[in-house]
Amino acid sequence: MRWLLSILAVLGLTGAVSLSAPGTACACSCAYTPDGPEIVEQVSHAASAFAGTAAAMRVDGDTAYYEFEVHEVFRGEVGATTVVSSSVQGSACGRGFEIGTEYLVFTSTYDTQGAPWAVESCSATTESSNTRTRDAAVTAFGPARPPERQVGDIGADDVGRPLWWGLGATVVVVWFVVLVVRQRHLAAEELSRRRLDPAE
């Protein structure tokens, strides 16, 4: 009887654990197949399109920021150095880049996490040696041009934390103002007390 109770207890615990365990994350689902027959239509949806070398990376939470040295631009106002963000989670359609490798990058402006551009695994982004994708970019946007000189260069360390820096600066300014007001208030009280008590 005792062994039967032990088995039932183990089975009950196993069932509870299975019910409480988190479900498997949903895989990323893309509208276009990589390098598929609709490649021209796929690249045409990009907010910007450029060829560049991945030069640096910084991870902040669930977001990776990749700095690119831009060689040529097909679409968008892109400077000689720019940054794209991507989720570090593959299930969230995140996409990684190998530092030192040149890519054809097709971006969006959705959920950039402070970067100028965002990229995901469902985009047409690929290595620059992919002539089919390059031809599709030329078909969609025309011949490539040099990076925009008037667009300021930006690096991976320049994005992702502007909000926190701004909040920190605001706290410092508020603290300083409170300190000055308090000092003036104390000085006014001291002057008033001396006027009421001339014996001092």
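Heads up: the sequence shown runs through residues 0 to 199, numbered per numbering that gives the first Met the number 0. Beta carbons are placed, not taken as given, at the ideal position from N, Cα and C, and that holds for glycine. Model, not experiment: these values are computed from the prediction.
Would Val77 be called buried (16 or more neighbouring beta carbons within 10 Å of its own) or exposed? Within the sequence shown, residue 77 is the residue found at index 78, counting from 1. Val77 comes out buried.
In the DSSP assignment, find the beta strand (DSSP E) that holds Asp59 and state where it starts and stops. Position 60 of the sequence shown, counted from the first residue, corresponds to residue 59. DSSP places Asp59 in the uninterrupted beta strand (DSSP E) bounded by Ser47 to Asp59.
Just confirm the distance between the C-beta atoms of Ser84 and Gln112, as a whole number of angstroms; I'd bet it's less than 8 Å. Position 85 of the sequence shown, counted from the start, is the residue given in the question as residue 84. Position 113 of the sequence shown, counted from the start, is the residue given in the question as residue 112. Correct: roughly 5 Å between the Cβ atoms.
Mind checking who Val83 pairs with in its DSSP beta bridge? Locating residue 83 in the sequence shown gives position 84, counting from the first residue. Under DSSP, Val83 forms a beta bridge with Tyr65 and Trp116.
List the residues that DSSP assigns as beta-bridge partners of Arg144. In the sequence shown, residue 144 corresponds to position 145, counting from 1. Answer by DSSP bridge pairing, in chain order: Val72.
Under 8 Å by Cβ, that's how I've got Ala53 and Tyr64 pegged, so tell me the actual separation to the nearest angstrom. Translated into positions along the sequence shown, residue 53 becomes position 54. Translated into positions along the sequence shown, residue 64 becomes position 65. At roughly 11 Å, the Cβ-Cβ gap does not stay under 8 Å, so Ala53 and Tyr64 are not in contact.
Starting from Ala77, follow the beta strand (DSSP E) in both directions and report where the run begins and ends. The count along the sequence shown starts at 1 and reaches residue 77 at position 78. Per the sequence shown, the amino acid found at residue 77 is Val instead of Ala. In the DSSP assignment, Val77 falls outside any beta strand (DSSP E), carrying neither H nor E.
Buried or exposed, going by whether 16 or more other CB atoms sit within 10 Å of the CB of Ser122? Translated into positions along the sequence shown, residue 122 becomes position 123. The residue in question, Ser122, is buried, as its Cβ has 16 or more Cβ neighbours within 10 Å.
Can you look up Ser90 in the DSSP assignment and give me helix, strand or coil? For the purposes of this step, residue 90 is taken as residue 91 along the sequence shown, with counting starting at 1. In this structure, Ser90 counts as helix in the three-state DSSP scheme.
Any idea if Thr169 is buried or exposed, counting beta-carbon neighbours within 10 angstroms, 16 or more meaning buried? As a first step, residue 169 must be located in the sequence shown, where it is residue number 170. Residue placement at Thr169 cannot be trusted, given a pLDDT of 47 that sits under 50; the coordinates are not used to answer.
Assuming contact is defined by CB atoms lying nearer than 8 Å, are Arg131 and Asp61 in contact in what I supplied? The residue given as residue 131 occupies position 132 in the sequence shown. The residue given as residue 61 occupies position 62 in the sequence shown. Against a cut-off of 8 Å, the Cβ pair of Asp61 and Arg131 comes out as no contact.
Rounded to the nearest angstrom, what separates Thr272 and Ala79 at their Cα positions? With the chain represented from 0 up to 199, any question about residue 272 goes unanswered, as that position is not in the structure.
So who's on the other strand from Glu101, going by DSSP bridges? Taking the first residue of the sequence shown as position 1, residue 101 is located at position 102. Bridge partners of Glu101: Thr52.
Which same chain residues end up closer than 6 Å to Glu101 when comparing Cβ atoms and leaving out the 5 residues on each side of it in sequence? Residue 101 sits at position 102 when you count from the first residue of the sequence shown. Cβ neighbours of Glu101 beyond the five flanking positions: Thr52 and Ser127.
Check whether Ala30 and Leu103 have beta carbons under 8 Å apart: As a first step, residue 30 is located in the sequence shown; it is residue number 31 there, counting from the start. As a first step, residue 103 is located in the sequence shown; it is residue number 104 there, counting from the start. The criterion of a C-beta distance shorter than 8 Å is not satisfied by Ala30 and Leu103.
For Phe105 versus Thr124, is the C-beta distance shorter than 8 Å? In the sequence shown, counting from the first residue as 1, residue 105 sits at position 106. In the sequence shown, counting from the first residue as 1, residue 124 sits at position 125. In this structure, Phe105 sits near Thr124, with a CB-CB distance shorter than 8 Å.
How many Å lie between Ser43 and Ala136 at the Cα? Locating residue 43 in the sequence shown gives position 44, where the first residue counts as 1. Locating residue 136 in the sequence shown gives position 137, where the first residue counts as 1. Ala136 has its alpha-carbon roughly 8 Å from the corresponding atom of Ser43.
Express the C-alpha separation of Thr138 and Phe73 in angstroms, rounding to a whole number. Against the sequence shown, residue 73 aligns to sequence position 74. Against the sequence shown, residue 138 aligns to sequence position 139. For Phe73 and Thr138, the gap between their C-alpha atoms comes out near 10 Å.
Between the alpha carbons of Pro142 and Ser86, how many angstroms are there, rounded? The sequence position of residue 142 within the sequence shown is 143, counting from 1. The sequence position of residue 86 within the sequence shown is 87, counting from 1. The alpha-carbon atoms of Pro142 and Ser86 are separated by roughly 30 Å.
If you count every other CB in all the chains shown that lies within 10 Å of the CB of Ser47, and 16 or more means buried, which is it? In the sequence shown, the residue the question calls residue 47 occupies position 48. That one is buried.
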